[in-house]
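Numbering (the working numbering), first residue to last: 23 to 420.
To start, the structure under review is shown below, and the notes come after it.
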Amino acid sequence: MTGAATAGGVPARAANEFAKLHGQSPTGVWSAPGRVNLIGEHTDYNDGFVLPFALPFRIAVAARARTDGRFAVTTVGDDGRPQRAEPVPVEALEPAGVTGWAAYPSGVSWVLRHEGLTSGADLLIAGDVPAGAGLSSSHALQCATALALLGLAGIELDRPGAPSRSEVAAWVQRSENDFVGVPTGLLDQTASLCCVESCVLFLDVRSGEMEQVPFDAAAAGLDVLVIDTRARHSHGDSGYRERRAGCERAADLLGVPALRDIGSSGLDDALSRLPEELRPLVRHVVTENDRVLRAVELLRAGRLADIGDLLTSSHVSLRDDYRVSCLELDVAVDAARAAGALGARMTGGGFGGSAIALVPDEERDTIGDKVLAAFAERSLPAPGLFTAVPSPGAGRDI
Ligand code: GLA
23 MTGAATAGGV PARAANEFAK LHGQSPTGVW SAPGRVNLIG EHTDYNDGFV
73 LPFALPFRIA VAARARTDGR FAVTTVGDDG RPQRAEPVPV EALEPAGVTG
123 WAAYPSGVSW VLRHEGLTSG ADLLIAGDVP AGAGLSSSHA LQCATALALL
173 GLAGIELDRP GAPSRSEVAA WVQRSENDFV GVPTGLLDQT ASLCCVESCV
223 LFLDVRSGEM EQVPFDAAAA GLDVLVIDTR ARHSHGDSGY RERRAGCERA
273 ADLLGVPALR DIGSSGLDDA LSRLPEELRP LVRHVVTEND RVLRAVELLR
323 AGRLADIGDL LTSSHVSLRD DYRVSCLELD VAVDAARAAG ALGARMTGGG
373 FGGSAIALVP DEERDTIGDK VLAAFAERSL PAPGLFTAVP SPGAGRDI
């Protein structure tokens, strides 16, 4: 039923495919993971708190510099067939000029060119982060691309004089916001770049402060079960924009820089000063920030099993107040809980994608089977199930 996810040989595959395609080895291979967010959803663009961990699934980028100033990118899917985007002069890359999957690596090249850090390159992409599952495959791709292009410029992260991982996350965000045109926050890039093995990353998005909080579910007899609902909702992008715009309007009306500035003690007063349609958004953001802080306290105290209720309250708030859940996510969460999960919630932006459930490890298979049965009963396509442990962040492999 469930399998533990493993990194597999993604970097080696990227290197081999590169050599096949270009007739020579790449200069190097860099990779970056997808993520789940344990809790703290739709808080990042409100200057709030998030608590993600990196998945063992990664996107790898094999790269070599080109002398003609062109940016050439090829992706190799599971079927082994390469898809090649038309090589473009780096100087000619402009926002909205590239569409589809190639926009993500191209945007990173565009940002780094403006920083004076890249020129032409051949990139070959391979990976095993499930695409469209809300597990940040596009951010893994962008982060791995950033590391590869920096690597070709002789810049390896964590060495003296190198940009910090947070600076790289900010570049990736600029690429996504200004080149690809999606107004996302800093959660996913920071998770992919800054997470470490065996820990969840407590990030204060406003200050940029980070704490690696140990997260050893196995030692507590638990597993994090990831349920990829396979629902891919097309209104996700516009729904995300609307929520974000609503939060910004509420902050404006309340006279604060961001909703982060409303603490739980100020919530009732804030709600009374807002038009009805903005109240649920604000209630979600304020209570969610509070739930992240409480989850961190429990984890610091080694009380991992006690975060279950916070996960479930987060889901209820995202479903009823923020309204970014969907039928498949609710079925996953409800079925997992009814079957014995300590808590469960959608993870990521919502409107489809994945849910997570905190489950006793000896009940993992039964809970997974019951989730599958709940989907089958409603004639929904079977979800993908795997368990995940906090895994290493982005880096150079070869
Ligand atoms: C998406 C975005 C993130 C964040 C989440 C919701 O994953 O990329 O920046 O806003 O949604 O928490």
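Note that CB positions come from ideal geometry on N, CA and C, so glycine has one too.
In this structure Ala398 is exposed. Its beta-carbon is surrounded by fewer than 16 other beta-carbon atoms within 10 angstroms.
Under the DSSP assignment, Trp193 falls in the alpha helix (DSSP H) whose first and last residues are 187-196. Counting every other CB atom within 10 Å of its CB across the protein chains shown gives Thr409 a total of 16 or more, marking it as buried. About 45 Å separates the beta carbons of Val318 and Leu43, which is beyond the 8 Å limit, so they are not a contact pair. Each of Glu63, His64, Asp66, Thr206, Gly207, Leu209, Asp210, Gly370, Gly371 has a C-beta closer than 5 Å to some heavy atom of ligand 1; these make up the full list, in chain order.
The closest CA to that of Trp52, considering only Lys392, Arg187, Pro33, is found on Pro33. Taking C-beta separations shorter than 8 Å and ignoring five residues to either side along the sequence, the partners of Cys221 in its chain run Phe75, Gln234, Val235, Pro236, Phe237, Pro412, following chain order.
The beta carbon of Asp259 lies closer than 7 Å to those of Val204 in the same chain, with the five residues before and after it left out.
Counting along the chain, the unbroken alpha helix (DSSP H) around Val130 starts and ends at 125-136.
Two segments are said to touch when three or more pairs of C-beta atoms, one from each, lie closer than 8 Å; by this definition the stretch 140-157 touches the stretch 366-378. Boundaries of the beta strand (DSSP E) around Ala76: 74-87. Per the C-alpha coordinates, the member of Glu113, Phe201, Trp123, Pro302 positioned closest to Leu163 is Trp123. For Val202, the closest of Leu394, Ala125, Ala242 by C-alpha to C-alpha distance is Ala125.
Counting only residues of its own chain and dropping the five nearest sequence neighbours on each side, Arg282 has a CB closer than 7 Å to the CB of Asn68, Asp69, Gly70, Arg228, Asn311. Annotation: Tyr262 to Gln195 spans about 16 Å, alpha carbon to alpha carbon. Beta bridge pairing from DSSP links Cys221 with Pro236. In the displayed model, Pro302 falls within a helix according to three-state DSSP. For Ala41, the enclosing alpha helix (DSSP H) has its first and last residue at 32-44.
Beta-bridge pairing by DSSP links Pro111 to Arg92. In this structure the stretch 87-102 does not touch the stretch 331-346; the number of beta carbon pairs closer than 8 Å is below three. DSSP, read as helix, strand or coil, puts Ser413 in coil. Ala267 and His306 have their C-alpha atoms some 15 Å from each other. If you look at Asp290, you'll find it isn't in any beta strand (DSSP E); it sits in the alpha helix (DSSP H) that goes 289-294. When C-beta atoms of the stretch 166-177 are compared with those of the stretch 126-140, three or more pairs fall below 8 Å, so the two segments count as touching. If you check the CB distance, Gly370 and Asn59 come in under 8 Å.
With a cutoff of 8 Å on beta-carbon distance, Val355 and Arg367 are scored as near each other. Between the beta-carbon of Gly173 and that of Arg418 there is about 6 Å, and that keeps the pair under the 8 Å contact cut. One alpha carbon belongs to Cys348, the other to Arg181, and they sit about 44 Å apart. Only residues of its own chain outside the window of five on either side were considered, and among them Ile61, Glu63, Glu310, Arg313, Arg367 have a CB closer than 7 Å to the CB of Ser336, listed in chain order.
Secondary structure note for Ser214: its alpha helix (DSSP H) is the uninterrupted segment 209-216. Taking the Cα of Met232 as reference, the smallest distance to any Cα among Leu315, Thr49, Pro104 is reached at Leu315.
Leu247 sits away from Gly56, with the two beta carbons spaced by 8 Å or more. A direct Cα-Cα distance of roughly 37 Å separates Ala253 from Pro185.
A distance below 7 Å between beta-carbons, with the five flanking residues on each side excluded, links Trp132 to the following residues of its chain, in chain order: Leu115, Ser197, Phe201. Per DSSP, the continuous alpha helix (DSSP H) segment holding Ser159 begins and ends at 159-174. With respect to Pro48, Leu146 sits close: the two C-beta atoms are nearer than 8 Å.
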